[in-house]
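In the numbering used here, the protein residues as written are 11 to 126.
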């Protein structure tokens, strides 16, 4: 329980234990990772309605959703503290791969021309 944890931390602090320093480093790392995860989920959740057409829509619906998707990705890039260039590159790669898969499935299903 948290009370027992506080007691142990107090004892370690009074004893000037090296373990306390390591614990603080680990505690900070875990807190940062948890904050990063929450932040990423919050921003990725804003993309849900724009991502859905990539999986369930026609190529025309995908094209229609792109301005909103790109605007939200731009906002993420500007505001999100933890969404690095590498993560943006991965996100764009996944979006592009899904657009290709959607168009391929549309053509293979006999959906007609992509340019009508």
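C-beta: ideal position from N, C-alpha, C; glycine also.
Next on the checklist: Please state the DSSP three-state secondary structure of residue 92.
Outcome noted: Within the chain shown, residue 92 is the residue found at index 82, counting from 1. Of the three classes helix, strand and coil, the one that applies to residue 92 here is coil, per DSSP.
Checklist entry - Between the stretch 84-95 and the stretch 43-61, do three or more beta carbon pairs fall short of 8 Å? => result Touching, yes, given that three or more Cβ pairs across the two stretches are closer than 8 Å.
Checklist entry - Enumerated in chain order, which unbroken segments of the alpha helix (DSSP H) with a length of 4 residues or greater are wholly contained in the stretch 19-106? => result 28-55, 58-66 and 69-89
Checklist entry - How would you call residue 64, buried or exposed, if buried means at least 16 neighbouring beta carbons within 10 angstroms? => result Numbered from its first residue, the chain shown carries residue 64 at position 54. Around the beta carbon of residue 64, a 10 Å sphere encloses 16 or more other beta carbons of the protein chains shown; the residue is thus reported as buried.
Checklist entry - Are residue 78 and residue 59 close, meaning C-beta to C-beta below 9 Å? => result Indexing the chain shown from 1 puts residue 78 at position 68. Indexing the chain shown from 1 puts residue 59 at position 49. Taking 9 Å as the Cβ cut-off, residue 78 and residue 59 qualify as a contacting pair.
Next on the checklist: Using a Cβ-Cβ cutoff of less than 7 Å, which residues in the same chain neighbour residue 8 once the five nearest sequence positions on both sides are dropped?
Outcome noted: Residue numbering for the chain in the displayed model covers 11 to 126; residue 8 lies beyond these limits and cannot be assessed.
Checklist entry - What is the DSSP secondary structure of residue 112, reduced to helix, strand or coil? => result To locate residue 112, count along the chain shown from 1; it is residue 102. In this structure, residue 112 counts as helix in the three-state DSSP scheme.
Item to check | residue 111 versus residue 97: straight-line alpha-carbon distance, rounded | outcome: Taking the chain shown and counting its residues from 1, one reaches residue 111 at position 101. Taking the chain shown and counting its residues from 1, one reaches residue 97 at position 87. For residue 111 and residue 97, the distance between alpha carbons rounds to 21 Å.
Item to check | Classification of residue 85 by the beta-carbon crowding that lies within 10 angstroms, buried from 16 upward | outcome: By one-based count along the chain shown, residue 85 stands at place 75. Its Cβ having fewer than 16 others within 10 Å, residue 85 is exposed.
Checklist entry - Which term fits residue 40, buried or exposed, when burial requires 16 or more other beta carbons within 10 angstroms of its beta carbon? => result Walking along the chain shown from the start, residue 40 turns up at place 30. Counting Cβ neighbours within 10 Å, residue 40 comes out exposed, since fewer than 16 surround it.
Checklist entry - If you draw a straight line from the C-alpha of residue 26 to the C-alpha of residue 18, how long is it? => result In the chain shown, counting from the first residue as 1, residue 26 sits at position 16. In the chain shown, counting from the first residue as 1, residue 18 sits at position 8. Using only the alpha carbons, I get a separation of about 12 Å.
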